[in-house]
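Chemist: If you want the numbering used here, it's the position in the sequence shown, counting the first as 1, plus 700.
No residue lacks a Cβ here, since even glycine has one placed at the ideal position from N, Cα and C.
Please read these numbers as outputs of a predicted model, since none were measured by experiment.
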Amino acid sequence: MRVALLAGLVLAVTAAPASAAIRVDDRLDFARTDGVPLAFPPRLRVFCGPWEQGVPVRSIHVRIGGRHGRWQLDAVLADVRRRPVVRLPNAFVFDAPRGAELFAGIGGIEASSAEEEARGRIVFERARCGPRLRLRVRVDAVLGSEFSDGEPVAVHGTFSAAGGVARRPLGRVGRDDCGPRAPLGGAARRVPDPWWQHALPRVGAARD
Numbered sequence: 701m702r703v704a705l706l707a708g709l710v711l712a713v714t715a716a717p718a719s720a721a722i723r724v725d726d727r728l729d730f731a732r733t734d735g736v737p738l739a740f741p742p743r744l745r746v747f748c749g750p751w752e753q754g755v756p757v758r759s760i761h762v763r764i765g766g767r768h769g770r771w772q773l774d775a776v777l778a779d780v781r782r783r784p785v786v787r788l789p790n791a792f793v794f795d796a797p798r799g800a801e802l803f804a805g806i807g808g809i810e811a812s813s814a815e816e817e818a819r820g821r822i823v824f825e826r827a828r829c830g831p832r833l834r835l836r837v838r839v840d841a842v843l844g845s846e847f848s849d850g851e852p853v854a855v856h857g858t859f860s861a862a863g864g865v866a867r868r869p870l871g872r873v874g875r876d877d878c879g880p881r882a883p884l885g886g887a888a889r890r891v892p893d894p895w896w897q898h899a900l901p902r903v904g905a906a907r908d
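#1: For residue 802, tell me which candidate among 787, 749, 826 has the shortest Cα-Cα distance.
#2: So what does DSSP say about residue 795, is it helix, strand or coil?
#3: What first and last residue would you give for the alpha helix (DSSP H) that runs through residue 777?
#4: Start and end of the beta strand (DSSP E) containing residue 761?
#5: Determine the DSSP secondary structure at residue 769, reduced to helix, strand or coil.
#6: Helix, strand or coil for residue 848? Go by DSSP, reduced to three states.
#7: Suppose you measure from the CA of residue 766 to the CA of residue 742; what does that come to, to the nearest Å?
#8: Determine which residues share a DSSP beta bridge with residue 752 and list them.
#9: Use the C-beta contact count for residue 783: other C-beta atoms within 10 angstroms, 16 or more gives buried, fewer gives exposed.
#10: Identify which residue in 809, 810, 816, 773 has its Cα closest to the Cα of residue 823.
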């Protein structure tokens, strides 16, 4: 589903809260290879921080959906600024991330840009953290299934986000149910959301 999103984040600045906004334009289409579209719940997070707990590589992250269906994009900031085109498949050791990884999981389908069957490319037209987040990415790819007899996922379109940024401090990361390998619908341990993990509510209108 293509929607325009205006998302609000509550940021902690010393003892007094302040407000910021991130403007999101999601034009990414996910589909089975037979053309049947995949729709994800409209729960969204955009943030900067380490790659994951114990891997303090500065990265930018997008999360859409939740335990019953999600897609997520993780990118090493220095890599995609230096080499903005990530060609698939792009596999790496878990604690030495390189480039970017795109994952989609819903209804028994789990597919990733790291699998051997993945093909295509992810192009980072803008990627910046700091006081004002900027992200624009274009995807023309097929994600390979993480199961030997599973379905791949076709992904096409663009995603952009701009505005105030929520950052995860290095060394203070908790994996939640949107983590890259949390089982869909499973009994993943829920980590309480600190201020930098607030979900971004949809307040925009559907576009054609």
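Modeler: A quick look at the data gives this:
#1: The shortest Cα separation from residue 802 among 787, 749, 826 belongs to 787.
#2: Residue 795 falls in the coil class under three-state DSSP.
#3: Unbroken alpha helix (DSSP H) run through residue 777: 777–782.
#4: Its beta strand (DSSP E) spans residues 755–766.
#5: In the structure shown, residue 769 sits in a strand (DSSP, three-state: E or B).
#6: The answer is coil: DSSP assigns residue 848 none of H, G, I, E or B.
#7: Cα to Cα, residue 766 sits roughly 9 Å from residue 742.
#8: Paired residue(s): 755.
#9: Exposed, by the Cβ-count rule.
#10: Here the closest residue by C-alpha is 773.
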